[in-house]
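See structure below.
Numbering (my numbering), first residue to last: 273 to 364.
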């Protein structure tokens, strides 16, 4: 078990025992959350953007590197001008 700097527990394991997630399985959700949090503040400041979600897809390789292709898809809903403004401010 790993414990974060804020004291939250995270059960991790290897493929043999199946007692928790493998570190590789946690990498993609962590990348997704990191991307979401990076844009969340801009979305909260723009009420015309009514929905924001991040989808992540990856091709897994049995050897290193574990992921050979990673694709982030950001979906926004709301007033088109507000969405464009938020994307411009974020540099995307």
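For glycine and all other residues, C-beta sits at the position ideal for the given N, C-alpha and C.
Residues of its chain near residue i, where Cβ-Cβ distance is below 6 Å and the 5 sequence neighbours each way are ignored
i           : result
residue 342 : 330
residue 346 : 326
residue 354 : 318, 320 and 321
Cβ shell of residue i (< 8 Å), same chain only, five flanking positions each side left out
i           : result
residue 276 : 282
Terminal residues of the beta strand (DSSP E) in which residue i lies
i           : result
residue 348 : 339–350
residue 328 : 321–332
Whole-angstrom distance between residue j and residue i, CA atom to CA atom
i           : j           : result
residue 284 : residue 344 : 25 Å
residue 308 : residue 301 : 10 Å
Range of the contiguous alpha helix (DSSP H) that encloses residue i
i           : result
residue 307 : 295–316
Whole-angstrom C-beta distance between residue j and residue i, which should lie under 8 Å
i           : j           : result
residue 349 : residue 323 : 4 Å
Contact set for residue i: own chain, Cβ-Cβ below 7 Å, skip 5 residues either direction
i           : result
residue 314 : 358, 361 and 362
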